[in-house]
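Here the structure comes first, spelled out in structure tokens, and everything after it is commentary.
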Amino acid sequence: MYNMKKVGMRGVFVIRIEDDFDLEKIADSGQCFRWQRDGDGFRIPFRDSLLFIRKVGPQDYEVDCTEEEFDSIWRPYFDLVRSYRAIRGKIKKKDDPVLFEAAKLGQGIRILKQDPWEMLITFIISQRKNIPAIRQAVEAVCRAAGKKKTAKDGTEWYMFPSAEEIASLSDEALASCRLGYRDKYVRAAAEAALRGEIDFRKLSALSHEDCLVELQKLYGVGIKVAQCVSLFGLHHLDAFPRDVWILRVLDEVYDGGKNYRFDAYAPYNGVMQQYLFEYYRNKNAREVSV
DNA sequence: AGCCAGGCTTTCT
DNA sequence: AGAAAGCCTGGC
Numbered sequence: 001m002y003n004m005k006k007v008g009m010r011g012v013f014v015i016r017i018e019d020d021f022d023l024e025k026i027a028d029s030g031q032c033f034r035w036q037r038d039g040d041g042f043r044i045p046f047r048d049s050l051l052f053i054r055k056v057g058p059q060d061y062e063v064d065c066t067e068e069e070f071d072s073i074w075r076p077y078f079d080l081v082r083s084y085r086a087i088r089g090k091i092k093k094k095d096d097p098v099l100f101e102a103a104k105l106g107q108g109i110r111i112l113k114q115d116p117w118e119m120l121i122t123f124i125i126s127q128r129k130n131i132p133a134i135r136q137a138v139e140a141v142c143r144a145a146g147k148k149k150t151a152k153d154g155t156e157w158y159m160f161p162s163a164e165e166i167a168s169l170s171d172e173a174l175a176s177c178r179l180g181y182r183d184k185y186v187r188a189a190a191e192a193a194l195r196g197e198i199d200f201r202k203l204s205a206l207s208h209e210d211c212l213v214e215l216q217k218l219y220g221v222g223i224k225v226a227q228c229v230s231l232f233g234l235h236h237l238d239a240f241p242r243d244v245w246i247l248r249v250l251d252e253v254y255d256g257g258k259n260y261r262f263d264a265y266a267p268y269n270g271v272m273q274q275y276l277f278e279y280y281r282n283k284n285a286r287e288v289s290v
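UniProt numbering puts the first sequence at residues 1 to 290.
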């Protein structure tokens with residue numbers, strides 16, 4: 001899938017990625033809310049690691065970690081063992097011209113393998129918020145409850161807080177994150193995790209459908225949030241979150257969803273959802289701004 | 001049982 | 001002012 005070559009500096013090397021991979025599109029795709037633009041690259045927090053990555057050639061990316069760290073942490077995170085070009089190739093223009101166009105514009109999007117706990121809290125917070133507001137709220141929770149870290153180059157950042165750390169916040173401290181009515185959902189999820197009522201090690205052994213049932217037992221978690229956690233946190237690539245944009249495109253293009261061919265794209269409907277989401281959101285944004 | 005309206009906090013455009 | 005990657009509650 002990719003070749004690697006060192007460029008000399010300690011803990012810095014260049015990786016070649018010969019598949020769909022577009023940092024800008026992934027950053028804007030609404031699946032990750034903590035990526036930070038930094039110069040011509042991105043700083044990406046994940047568990048207790050922080051990666052700086054920037055594009056240095058058509059398929060070449062400089063990363064500030066060791067090869068071992070890239071292989072063990074970041075290759076799975078970016079899902080580089082899978083070919084998204086091949087998934088995109090399943091879409092035929094004659095079968096579905098809208099999805100074909102969406103996938104062409106969305107080429108480079110991947111489904112990241114993110115931390116399921118972080119995804120649960122993040123998508124609880126996302127309810128009725130736009131993306132900039134989600135970023136702000138998630139970062140506030142990290143600052144309030146997460147461990148402070150200092151990267152090799154001195155950059156300070158905060159880990160996403162554990163269930164224990166969130167549960168131990170006072171009402172005042174949680175309220176200062178300004179989550180609005182969602183703060184009681186966040187606290188309930190943290191307390192459920194402490195009681196063992198939600199355990200992602202057990203959840204990862206279940207089918208996508210069983211995951212949805214388990215996740216929806218949590219207060220404040222409905223079908224939309226459950227699908228997002230399943231797709232972005234548990235990497236069930238057939239999960240198909242229906243947000244307002246997807247409901248809109250299913251209604252307007254696929255006759256309420258009847259004409260969208262889920263069977264044809266299984267088990268990758270979640271990838272298709274990302275193409276449709278980006279395409280329709282950007283299309284609408286352009287129309288509004290004109 | 002299953003559907004639907006109303007309400008909810010805050011931020012961004 | 002209206003919309004924003006929704007969900008809960010109560011009433012039919």
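Think of the CB as a built atom: it goes at the ideal place given N, C-alpha and C, for glycine as much as any other residue.
Task: Straight-line gap, D95 to G256 (C-alpha atoms, nearest Å) - done: Locating residue 95 in the first sequence gives position 95, counting from the first residue. Locating residue 256 in the first sequence gives position 256, counting from the first residue. Spanning the two alpha carbons is a distance of roughly 17 Å.
Open item on the list: Considering only DSSP beta bridges, list what R54 is partnered with.
Closed with: Here residue 54 corresponds to residue number 54 of the first sequence, with the count starting at 1. Paired residues: G41, E62.
TODO: For A219, count neighbouring C-beta atoms within 10 Å of its own C-beta (all shown protein chains included) and say buried if the count is 16 or more, exposed if not.
DONE: Residue 219 sits at position 219 when you count from the first residue of the first sequence. The sequence given here has Tyr at residue 219, not Ala. The residue is exposed, with fewer than 16 neighbouring Cβ atoms inside 10 Å.
Open item on the list: Considering only their Cβ atoms, is the gap separating V56 from V14 smaller than 8 Å?
Closed with: In the first sequence, counting from the first residue as 1, residue 14 sits at position 14. In the first sequence, counting from the first residue as 1, residue 56 sits at position 56. Result yes, Cβ atoms of V14 and V56 sit closer than 8 Å.
Open item on the list: So, at 7 Å on beta carbons, what are the nonlocal neighbours of L179 in its own chain, with the 5 sequence-adjacent residues on each side left out?
Closed with: As a first step, residue 179 is located in the first sequence; it is residue number 179 there, counting from the start. I125, A137, V186, listed in sequence order.
TODO: Please state if the CB of D79 and the CB of L112 are separated by a distance shorter than 8 Å.
DONE: Walking along the first sequence from the start, residue 112 turns up at place 112. Walking along the first sequence from the start, residue 79 turns up at place 79. Yes, Cβ-Cβ distance for L112 and D79 is below 8 Å.
Task: Complete runs of the alpha helix (DSSP H) confined to the UniProt domain "HhH-GPD" (125-278) [at least 4 residues] - done: 131-145, 163-167, 171-175, 183-194, 200-203, 208-215, 223-228, 244-253, 262-265
Open item on the list: Taking 8 Å as the threshold (C-beta atoms), are G106 and Y254 in contact?
Closed with: Locating residue 254 in the first sequence gives position 254, counting from the first residue. Locating residue 106 in the first sequence gives position 106, counting from the first residue. Not in contact: Y254 and G106 (Cβ atoms no closer than 8 Å).
- [ ] Quick one: residues in its chain with C-beta nearer than 8 Å to the C-beta of D38, no 5 flanking neighbours on either side, listed in chain order?
- [x] For the purposes of this step, residue 38 is taken as the residue at position 38 of the first sequence. Cβ within range, chain order: F52.
Task: Cα-Cα separation, L194 to A167 - done: Numbered from its first residue, the first sequence carries residue 194 at position 194. Numbered from its first residue, the first sequence carries residue 167 at position 167. Their backbone Cα atoms lie some 8 Å apart in a straight line.
Open item on the list: Can you look up R16 in the DSSP assignment and give me helix, strand or coil?
Closed with: By 1-based counting over the first sequence, the position of residue 16 is 16. R16 falls in the strand class under three-state DSSP.
Open item on the list: Between the region 222-234 and the region 118-135, can you find at least three pairs of beta-carbon atoms closer than 8 Å?
Closed with: yes
TODO: Look at the alpha carbon of L212 and the alpha carbon of I223, and state the distance between them as a whole number of angstroms.
DONE: Residue 212 sits at position 212 when you count from the first residue of the first sequence. Residue 223 sits at position 223 when you count from the first residue of the first sequence. Taking the straight line from one Cα to the other gives about 7 Å.
- [ ] State the Cα-Cα distance for the pair E69 and G89, rounded to the nearest angstrom.
- [x] Translated into the one-based positions of the first sequence, residue 69 becomes position 69. Translated into the one-based positions of the first sequence, residue 89 becomes position 89. Distance between the alpha carbons of E69 and G89 is about 31 Å.
Task: Residues near A266 by beta carbon distance below 8 Å, same chain, minus five either side - done: Locating residue 266 in the first sequence gives position 266, where the first residue counts as 1. D238, listed in sequence order.
TODO: Please confirm whether D20 and R85 have their CB atoms less than 8 Å apart.
DONE: Translated into positions along the first sequence, residue 20 becomes position 20. Translated into positions along the first sequence, residue 85 becomes position 85. Yes, the Cβ-Cβ distance between D20 and R85 is below 8 Å.
TODO: Determine the extent of the alpha helix (DSSP H) in which L99 is found, giving its start and end residues.
DONE: Locating residue 99 in the first sequence gives position 99, where the first residue counts as 1. Per DSSP, the continuous alpha helix (DSSP H) segment holding L99 begins and ends at 97-105.
Open item on the list: So K25 and I109 are supposed to be a Cβ contact under 8 Å. How far apart are they, rounded?
Closed with: On the first sequence, position 25 is the one that residue 25 refers to. On the first sequence, position 109 is the one that residue 109 refers to. With 8 Å as the limit, K25 and I109 qualify as a contact, their Cβ atoms being about 5 Å apart.
Task: Integer-rounded CB distance, given that Q114 should sit under 8 Å from R182 - done: Numbered from its first residue, the first sequence carries residue 182 at position 182. Numbered from its first residue, the first sequence carries residue 114 at position 114. 19 Å between Cβ atoms; not a contact.
Task: Cα-Cα separation, P116 to R75 - done: Position 116 of the first sequence, counted from the first residue, corresponds to residue 116. Position 75 of the first sequence, counted from the first residue, corresponds to residue 75. Their Cα atoms are separated by approximately 17 Å.
Task: Closest Cα partner of residue 291 within the set S176, Q274, P45, F46 - done: The structure shown has nothing for residue 291, since the chain only spans 1 to 290.
- [ ] Could you tell me if Q216 is buried or exposed, where buried requires 16 or more neighbouring beta carbons within 10 angstroms of its beta carbon?
- [x] For the purposes of this step, residue 216 is taken as residue 216 along the first sequence, with counting starting at 1. Exposed, because fewer than 16 other Cβ atoms sit within 10 Å of the Cβ of Q216.
- [ ] Compare the Cα-Cα distances from P161 to each of C142, Y260, I44, F100 and report the closest residue.
- [x] Translated into positions along the first sequence, residue 161 becomes position 161. Taking only the C-alpha atoms, the option nearest P161 is C142.
Task: Under 8 Å between C-beta atoms of Q36 and R43 - done: As a working mapping, residue 36 is identified with position 36 in the first sequence. As a working mapping, residue 43 is identified with position 43 in the first sequence. For Q36 and R43, yes; Cβs fall inside 8 Å.
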